[in-house]
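Working notes, structure below.
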């Protein structure tokens with residue numbers, strides 16, 4: 002199918018605030034309605050993505066009906082790959098399911114029905130009751146700070162709250178472990194995003210309650 006390109010500056014589908022208190026159906030239930038096509042998969046895959054992992058991806062969004070493109074991350078803002086945490090509501094439900102068990106370097110085509118995309122209301126250029134298709138390329142996957150294990154590892158003084166420095170140290174160790182150390186602006190960008198989305202009272206700390214980790218063991 003030939004996709005019809007339109008301006009990619011329309012709208013960022015990543016939700017700006019986490020909604021962990023929302024009622025989510027299980028991945029198994031969602032998987033019945035999400036169509037996943039693997040376009041490319043590297044021969045070596047040391048880590049597959051799972052809920053709570055930190056993902057770095059490029060993606061293009063199309064309307065299944067006529068192939069009209071409504072979003073592309075390569076043209077939005079700076080054109081950098083997007084960061085988000087998988088499985089916690091930062092993307093539409095269908096993508097949270099469609100990007101499970103991916104490897105770094107893998108490419109997928111994910112078809113999402115309206116109920117797991119933008120529903121009866123639609124959003125921005127996406128009309129009501131629209132099935133959408135995303136072409137996704139995963140650049141990196143690492144244990145994200147939304148997992149209980151990661152929270153415990155980062156909480157160095159065990160006060161059930163995280164500072165930027167604690168999160169920074171964790172991220173550095175994760176990337177250096179894979180032999181991919183990054184510069185300070187790279188980490189600062191991730192930290193600013195994490196604290197913007199999770200530090201509800203803006204006190205410079207992310208509490209266990211703000212992360213909801215101790216109420217949501219599945220993370």
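Residue numbers (the working numbering): 2 to 220. All residues carry an ideal CB built from backbone N, CA and C; glycine is no exception.
Going by C-alpha to C-alpha distance, which of the options sits closest to residue i?
| i | options | result |
| --- | --- | --- |
| residue 103 | 167, 88, 187 and 211 | 88 |
| residue 58 | 95, 109 and 170 | 109 |
| residue 127 | 188, 67 and 167 | 67 |
| residue 194 | 39, 83 and 167 | 83 |
| residue 91 | 204, 209, 197 and 205 | 197 |
Can you check whether the CB of residue j is closer than 9 Å to the CB of residue i?
| i | j | result |
| --- | --- | --- |
| residue 143 | residue 172 | yes |
| residue 76 | residue 105 | no |
| residue 205 | residue 165 | yes |
With a threshold of 8 Å on Cβ separation, who are the neighbours of residue i within its own chain once the five nearest residues in sequence on each side are excluded?
| i | result |
| --- | --- |
| residue 182 | 173 and 176 |
| residue 169 | 188 and 192 |
| residue 121 | 115, 129 and 130 |
Any C-beta of chain D sitting closer than 9 Å to the C-beta of residue i?
| i | result |
| --- | --- |
| residue 88 | In summary, chain D is missing from the structure at hand, where a single protein chain is found. |
Whose C-beta lies closer than 6 Å to the C-beta of residue i among residues of the same chain, with five residues either side of it excluded?
| i | result |
| --- | --- |
| residue 61 | 73 and 136 |
| residue 95 | 35, 113, 117 and 118 |
| residue 99 | 35, 37 and 111 |
Leaving out five residues on either side along the sequence, give the residues of the same chain with a beta carbon under 7 Å from the beta carbon of residue i.
| i | result |
| --- | --- |
| residue 1 | Coverage of the chain is limited to positions 2 through 220, which leaves residue 1 absent and any answer about it impossible. |
| residue 138 | 58, 59 and 108 |
| residue 199 | 19, 207, 211 and 212 |
| residue 43 | 104, 106 and 107 |
| residue 41 | 107 and 108 |
| residue 167 | 155, 156 and 157 |
How many angstroms separate the CA atom of residue i from the CA atom of residue j?
| i | j | result |
| --- | --- | --- |
| residue 133 | residue 64 | 5 Å |
| residue 123 | residue 131 | 7 Å |
| residue 159 | residue 153 | 8 Å |
| residue 129 | residue 56 | 28 Å |
| residue 125 | residue 71 | 9 Å |
| residue 201 | residue 101 | 28 Å |
| residue 45 | residue 157 | 33 Å |
| residue 155 | residue 51 | 19 Å |
| residue 69 | residue 93 | 19 Å |
| residue 7 | residue 81 | At residue 7 the pLDDT is 39, less than 50, meaning the model places this residue with poor confidence and gives no usable figure here. |
| residue 190 | residue 39 | 30 Å |
| residue 184 | residue 178 | 15 Å |
| residue 203 | residue 97 | 27 Å |
Enumerated in chain order, which unbroken segments of the beta strand (DSSP E) with a length of 3 residues or greater are wholly contained in the segment 123-162? 133-143
Any beta strand (DSSP E) of 3 or more consecutive residues that is wholly inside the segment 57-112: As far as the segment 57-112 is concerned, its whole beta strand (DSSP E) runs of at least 3 residues are 70-73 and 83-86.
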